[in-house]
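Colleague: Start counting the sequence shown at 15; every next residue gets the next number (the numbering used here).
Let me begin by handing over the structure; questions about it come next.
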Amino acid sequence: MALNLENKKQIATLLLAIGLGLVAVFLTSQYVENNLQKRAQAYKKDFEKKTIGPLVGEIGGLKQEIKKMAAAQASLAKRQQQQAKLVKAASTQKSRQPMQTKTLTDSSVFSVITPRGKRAFTISIDSLSAVGGLINPGDLVDIIAELTLPDKNNKKNTGEQVITSVLFQQIQILAVGTNFKPIGNALVYQAQQREAKLKVTLAVDPEQAGLLTFAQANGKLQLSLRPPTELGIKSLEVASWDALSEYVLESQGTRLAVPEKKSTVKSSDTEGDSDEIKPFIQIFRGGQEL
Numbered sequence: 015m016a017l018n019l020e021n022k023k024q025i026a027t028l029l030l031a032i033g034l035g036l037v038a039v040f041l042t043s044q045y046v047e048n049n050l051q052k053r054a055q056a057y058k059k060d061f062e063k064k065t066i067g068p069l070v071g072e073i074g075g076l077k078q079e080i081k082k083m084a085a086a087q088a089s090l091a092k093r094q095q096q097q098a099k100l101v102k103a104a105s106t107q108k109s110r111q112p113m114q115t116k117t118l119t120d121s122s123v124f125s126v127i128t129p130r131g132k133r134a135f136t137i138s139i140d141s142l143s144a145v146g147g148l149i150n151p152g153d154l155v156d157i158i159a160e161l162t163l164p165d166k167n168n169k170k171n172t173g174e175q176v177i178t179s180v181l182f183q184q185i186q187i188l189a190v191g192t193n194f195k196p197i198g199n200a201l202v203y204q205a206q207q208r209e210a211k212l213k214v215t216l217a218v219d220p221e222q223a224g225l226l227t228f229a230q231a232n233g234k235l236q237l238s239l240r241p242p243t244e245l246g247i248k249s250l251e252v253a254s255w256d257a258l259s260e261y262v263l264e265s266q267g268t269r270l271a272v273p274e275k276k277s278t279v280k281s282s283d284t285e286g287d288s289d290e291i292k293p294f295i296q297i298f299r300g301g302q303e304l
């Protein structure tokens, strides 16, 4: 009986130890499992921070870019619609205008460049008299005329008097030949210098056109080129021996021998008076008789 009791105690102790071992194993497994879960959650959070966070930021940026692109596309579509409306309105208005209006708005039509109130007038002039051919459309020139006048004192009209004067100032050149667009290079000037005659088209008013026609028929024309910055019209004296003499005397102090004008001799028709009237010469300068 004593042995049986001792055996029972041993068996009970063994069972208790086994139970405690099982409890320890269970608790250890629970601890390990909890620790693994905590580590897994920590790894998960760390992974989300490192990967999902930047991805979320990139996705947000992409959404903003998409919104901007959509707004730009909408604005572009709106502008295209407005341009289409403008083109349609312009084409409608253009189709209503007559063909003549289309022609007159073309810059290649010569009449378009003619200033308002002016007339395009063409003169034929030798290259030397046209500033040696160094003229270009758009230049401003003065027109000098050498005119041959009949002698009024000669009844037979055999005598002639030549005067030189500036007819018009600040006249615009519209074209030289068929060129009415400014070019102004050395090759063009050389070609114009080789020409015997140049056809120069000027912008003049109707009265000047008539006077130029008369002057060209009764004398010779010459062009004097003006700088583009010099504008205005001056009162100039008719070129003559007296004017030249006075100018040289004032500017150079030299007195020129001026040719004497021919005197007119008139005979008296009174009966009994057969005396011949002798020629006489009176010279005035500065309003005083010399």
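Glycine included, every Cβ here is placed at the ideal spot set by N, Cα and C.
These figures come from a predicted structure and were not determined experimentally.
Distance cutoff 8 Å, beta carbons only. Does Lys-248 sit that close to anything in chain D?
Modeller: In summary, chain D is missing from the structure at hand, where a single protein chain is found.
Colleague: For the alpha helix (DSSP H) that Pro-220 lies in, which residues bound it at each end?
Modeller: In the sequence shown, the residue the question calls residue 220 occupies position 206. Unbroken alpha helix (DSSP H) run through Pro-220: 220-231.
Colleague: Does the segment 241-261 touch the segment 187-201, meaning 3 or more C-beta pairs lie closer than 8 Å?
Modeller: Touching, no.
Colleague: Can you give me the start and stop residues for the alpha helix (DSSP H) that Ser-259 sits inside?
Modeller: Here residue 259 is taken as the residue at index 245 of the sequence shown, counted from 1. From DSSP, the alpha helix (DSSP H) with Ser-259 extends over 255-266.
Colleague: Under the three-state reduction of DSSP, which class applies to Lys-211: helix, strand or coil?
Modeller: For this step, residue 211 is matched to residue 197 along the sequence shown. The answer is strand: DSSP assigns Lys-211 an E or B state.
Colleague: Restricting to runs no shorter than 4 residues, where is the alpha helix (DSSP H) found entirely within the segment 24-108?
Modeller: The segment 24-108 contains no whole alpha helix (DSSP H) run of 4 or more residues.
Colleague: How about Gln-207 and Gly-152: do their beta carbons lie closer than 8 Å?
Modeller: For this step, residue 207 is matched to residue 193 along the sequence shown. For this step, residue 152 is matched to residue 138 along the sequence shown. Contact: no.
Colleague: Measuring alpha carbon to alpha carbon, tell me which of Ala-217, Glu-160 and Gly-33 ends up nearest Gly-233.
Modeller: Start at 1 with the first residue of the sequence shown, and residue 233 comes out as number 219. The option with the nearest alpha carbon to Gly-233 is Glu-160.
Colleague: Excluding the 5 residues flanking Thr-178 on each side, which residues of the same chain have their C-beta closer than 6 Å to its C-beta?
Modeller: To locate residue 178, count along the sequence shown from 1; it is residue 164. The residues are Glu-160 and Ala-253.
Colleague: If we ignore side chains and look at the alpha-carbon of each, how far apart do Ser-259 and Pro-164 end up?
Modeller: In the sequence shown, residue 259 corresponds to position 245, counting from 1. In the sequence shown, residue 164 corresponds to position 150, counting from 1. In this structure, the alpha-carbon of Ser-259 lies about 24 Å from that of Pro-164.
Colleague: Helix, strand or coil: which one does DSSP assign to Lys-195?
Modeller: Taking the sequence shown and counting its residues from 1, one reaches residue 195 at position 181. Here Lys-195 sits in coil by DSSP.
Colleague: CB Asp-156 to CB Val-176, shorter than 8 Å?
Modeller: Here residue 156 refers to the residue found at position 142 of the sequence shown. Here residue 176 refers to the residue found at position 162 of the sequence shown. Going by C-beta atoms, Asp-156 is not nearer than 8 Å to Val-176.
Colleague: Along the beta strand (DSSP E) that carries Pro-164, what are the first and last residues, could you check?
Modeller: Sequence index remark: in the sequence shown, residue 164 carries index 150 (1-based). Its beta strand (DSSP E) spans residues 154-164.
Colleague: Which of the three DSSP states, helix, strand or coil, is assigned to Lys-234?
Modeller: By 1-based counting over the sequence shown, the position of residue 234 is 220. Lys-234: strand per DSSP, three-state reduction.
Colleague: In this structure, does DSSP put Ser-125 in helix, strand or coil?
Modeller: Counting from one through the sequence shown, the residue named residue 125 turns up at place 111. Three-state DSSP puts Ser-125 in a helix.
Colleague: Using three-state DSSP, classify Val-252 as helix, strand or coil.
Modeller: Sequence index remark: in the sequence shown, residue 252 carries index 238 (1-based). The answer is coil: DSSP assigns Val-252 none of H, G, I, E or B.
Colleague: Taking Ile-127 as the reference, give the member of Ala-217, Ile-80 and Leu-263 with the closest Cα.
Modeller: As a position in the sequence shown, residue 127 is number 113, starting the count at 1. Closest option to Ile-127, Cα to Cα, is Ala-217.
Colleague: Terminal residues of the continuous beta strand (DSSP E) containing Ser-138?
Modeller: Walking along the sequence shown from the start, residue 138 turns up at place 124. From DSSP, the beta strand (DSSP E) with Ser-138 extends over 133-140.
Colleague: Please go through the same chain and pick out, in chain order, the residues whose beta-carbon is closer than 7 Å to the beta-carbon of Tyr-203, but skip the five residues on each side of it.
Modeller: In the sequence shown, counting from the first residue as 1, residue 203 sits at position 189. Gly-147 and Leu-148, listed in sequence order.
Colleague: Closer than 7 Å by C-beta to Lys-132: which residues in its own chain qualify, once you throw out the five before and the five after it? Chain order, please.
Modeller: Here residue 132 refers to the residue found at position 118 when the sequence shown is read from its first residue. Cβ neighbours of Lys-132 beyond the five flanking positions: Ala-217, Val-218 and Asp-219.
Colleague: Exposed or buried, which one is Phe-229 when buried takes at least 16 other CB atoms within 10 Å?
Modeller: Within the sequence shown, residue 229 is the residue found at index 215, counting from 1. Correcting the residue type first, residue 229 is Ala in the shown sequence and not Phe. Ala-229 should be labelled buried.
Colleague: Hey, would you say Glu-209 sits closer than 8 Å to Ser-141, going by beta carbons?
Modeller: In the sequence shown, counting from the first residue as 1, residue 209 sits at position 195. In the sequence shown, counting from the first residue as 1, residue 141 sits at position 127. In this structure, Ser-141 lies closer than 8 Å to Glu-209 by Cβ.
Colleague: Would Glu-264 and Ala-257 qualify as a contact pair, given that the criterion is a beta-carbon distance under 8 Å?
Modeller: Position 250 of the sequence shown holds residue 264. Position 243 of the sequence shown holds residue 257. Cβ distance not < 8 Å, so Glu-264 and Ala-257 don't count as in contact.
Colleague: Can you tell me whether Leu-201 is helix, strand or coil according to DSSP?
Modeller: Numbered from 1 along the sequence shown, position 187 holds the residue referred to as residue 201. Correct three-state label for Leu-201: helix.
Colleague: Which of the three DSSP states is assigned to Leu-19 in this structure?
Modeller: One-based indexing of the sequence shown puts residue 19 at position 5. Three-state result, Leu-19: helix.
Colleague: Run the CB neighbour count on Gln-222, radius 10 Å, all protein chains shown included, and call it buried at 16 or more, exposed below.
Modeller: Taking the sequence shown and counting its residues from 1, the one referred to as residue 222 is at position 208. So Gln-222 counts as buried.
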